[in-house]
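Asker: With the first letter of the sequence shown counted as 1, position 83 gets the number 83 in the UniProt record's numbering; the numbers rise by one all the way through.
To start, I am sharing the structure in question, which I have written as structure tokens.
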Amino acid sequence: MAGSGAITVDPIEITDIYKQLIAIMEDLQSNAVPAIENIKNTKFYQEGKAMEAIEAYPEANDKFLELQDHYARISSLVIDTLNTMIETDEAIALKIIDALEV
């Protein structure tokens with residue numbers, strides 16, 4: 001049986017990851033979404049002349065929206081991890097306070 005090693009969780013690293021995920025989501029929302037809308041609103045695209053040239057565009061838009069959903073899901077998991085850490089730390093603190101009878 002292999003020995004179990006301790007898992008070290010660095011809260012600073014987790015919060016940095018969360019901040020980076022938020023920055024990516026904000027960048028996608030503020031830059032990519034408007035650019036996609038601009039393309040969708042062009043006469044070339046709306047009149048269907050672009051469809052042969054960019055047949056995959058509607059599917060690419062769907063994939064982009066999925067990408068945004070994945071980043072949102074990942075950031076939620078990171079927040080859940082941070083919340084679990086906070087709850088665990090509070091529980092440990094209460095046990096210490098009880099043990100010290102403070």
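Cβ coordinates follow ideal geometry from the N, Cα and C atoms, glycine included.
In whole angstroms, what separates the C-alpha of residue 74 from that of residue 28?
Answerer: As a first step, residue 74 must be located in the sequence shown, where it is residue number 74. As a first step, residue 28 must be located in the sequence shown, where it is residue number 28. Computed Cα separation, rounded: 15 Å.
Asker: Tell me which same chain residues have a C-beta within less than 8 Å of the C-beta of residue 68, skipping the five on either side of it?
Answerer: Stepping through the sequence shown from its first residue, residue 68 is reached at position 68. The answer, listed in chain order, is 25, 28, 29.
Asker: At which residues does the alpha helix (DSSP H) containing residue 60 begin and terminate?
Answerer: Numbered from 1 along the sequence shown, position 60 holds the residue referred to as residue 60. Note, residue 60: alpha helix (DSSP H), 57 to 100.
Asker: Can you determine whether any heavy atom of the ligand GDP sits closer than 7 Å to the C-beta of residue 48, and answer yes or no?
Answerer: In the structure on display, the ligand GDP does not appear, and there are no ligands present to speak of.
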